[in-house]
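What follows is a single structure, written as structure tokens, with notes after it.
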Amino acid sequence: DTAVSQTPKYLVTQMGNDKSIKCEQNLGHDTMYWYKQDSKKFLKIMFSYNNKELIINETVPNRFSPKSPDKAHLNLHINSLELGDSAVYFCASSQGLETGQPQHFGDGTRLSIL
Amino acid sequence: QQPVQSPQAVILREGEDAVINCSSSKALYSVHWYRQKHGEAPVFLMILLKGGEQKGHEKISASFNEKKQQSSLYLTASQLSYSGTYFCGTDIGDYKLSFGAGTTVTVRA
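Here it is in structure tokens:
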């Protein structure tokens, strides 16, 4: 059983389009995250949710809108895609916000903008 | 806020040792270490907590110097499976991890 699953694994689309990425975790964790990893492998947090409540929003353009329908799911919708959005997007989860909780990552969604 | 990792890359032969360093400009609550293989997700290795507690499940050790705001990851008697990019993630008590730029480790037979 996959602990943190993301769909789709690959997303190739044109500039200006709108797309969504879905994430689900079956670990019973309270906290979920979205990270962006660029071509230089720099891993940067975008958002985090704890029990469906937005906790962190890291100066991400408002074209990116996360939604957490329940604590096991965190989706990411991106409007008006730009070339600079090309990256790998990772979803992750952890038991809580407390210090010392390991994060479990999904396999990533590779987004390519043409 | 991003921690500084060094070295950027290291090449080892099987059986050799290596040290990866992670340094923060801010006081740390904990330091996390993850390994990412090419095309895969980062995988948790270890957490080092303020106060000295250590959590991990790999045969890889680490240290945490709270005063110097530094952590080091020790790869001992490296195996081919140790190849990958190692990231430290630092927690300054703001409910998120800030990751370093990564250290690429290549272990050759």
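Those protein sequence lines, which keep their order, are chains A and B.
Quick note on the working numbering: the first sequence kicks off at 91 and runs consecutively.
Quick note on the working numbering: the second sequence kicks off at 162 and runs consecutively.
Beta carbons: idealized from backbone N, C-alpha and C, even for Gly.
Counted within 10 angstroms of its Cβ, other Cβ atoms place residue i as buried (16 or more) or exposed
| i | result |
| --- | --- |
| G213(B) | exposed |
| Q169(B) | exposed |
| M122(A) | buried |
| D252(B) | buried |
| H119(A) | buried |
| H193(B) | buried |
| T199(A) | buried |
| L173(A) | exposed |
Endpoints, beta strand (DSSP E) assigned at residue i
| i | result |
| --- | --- |
| I172(B) | 170 to 174 |
| K126(A) | 121 to 127 |
| V204(B) | 203 to 210 |
| A223(B) | 222 to 226 |
| I145(A) | 143 to 147 |
| H193(B) | 191 to 197 |
| I135(A) | 133 to 140 |
| R269(B) | 264 to 269 |
| K157(A) | 154 to 160 |
| S95(A) | 94 to 97 |
| I181(B) | 179 to 184 |
| G261(B) | From DSSP, G261(B) is part of no beta strand (DSSP E); its letter is neither H nor E. |
| L164(A) | 163 to 168 |
Test item: CB-CB of residue i and residue j under 8 Å
| i | j | result |
| --- | --- | --- |
| F132(A) | A188(B) | no |
| L166(A) | W124(A) | yes |
| K109(A) | I168(A) | yes |
| I135(A) | I146(A) | yes |
| H163(A) | V94(A) | no |
| P192(A) | I181(B) | no |
| A202(B) | D160(A) | no |
Contact set between residue i and chain A, taken where Cβ atoms lie within less than 7 Å
| i | result |
| --- | --- |
| G263(B) | K131 |
| A202(B) | F180, F195, G196, D197, G198 |
| T251(B) | Chain A residues near T251(B): none, gap ~11 Å exceeds 7 Å. |
Supposed close pair residue i, residue j - CB separation, criterion 8 Å
| i | j | result |
| --- | --- | --- |
| Q96(A) | K112(A) | 7 Å |
| R174(B) | R269(B) | 6 Å |
| T189(A) | Y190(B) | 4 Å |
| T264(B) | S244(B) | Contact flag wrong, Cβ pair sits at about 12 Å. |
| L204(A) | Y179(A) | Actually they do not touch by this definition, with Cβ atoms about 17 Å apart. |
| Y139(A) | P151(A) | Contact flag wrong, Cβ pair sits at about 18 Å. |
Neighbour list for residue i in chain B, Cβ cutoff strictly below 7 Å
| i | result |
| --- | --- |
| L101(A) | In chain order: nothing, as chain B lies at least about 15 Å away. |
Contact set between residue i and chain B, taken where Cβ atoms lie within less than 9 Å
| i | result |
| --- | --- |
| I135(A) | K257, L258, S259, F260 |
Contact set between residue i and chain B, taken where Cβ atoms lie within less than 8 Å
| i | result |
| --- | --- |
| P192(A) | H193, F205, I208, K216 |
| G189(A) | Per the sequence shown, residue 189(A) should be read as Thr rather than Gly. Within chain B, the residues near T189(A) are Y190, S191, L210, K211, D252, G254. |
Beta-carbon neighbours of residue i, restricted to chain A and to distances below 8 Å
| i | result |
| --- | --- |
| F248(B) | L133 |
Practice item. Closer than 9 Å, Cβ to Cβ, to anything on chain E: give me those residues from the segment 139 to 173 of chain A, in chain order. Key: This model lacks chain E altogether; the protein chains it does include are A and B.
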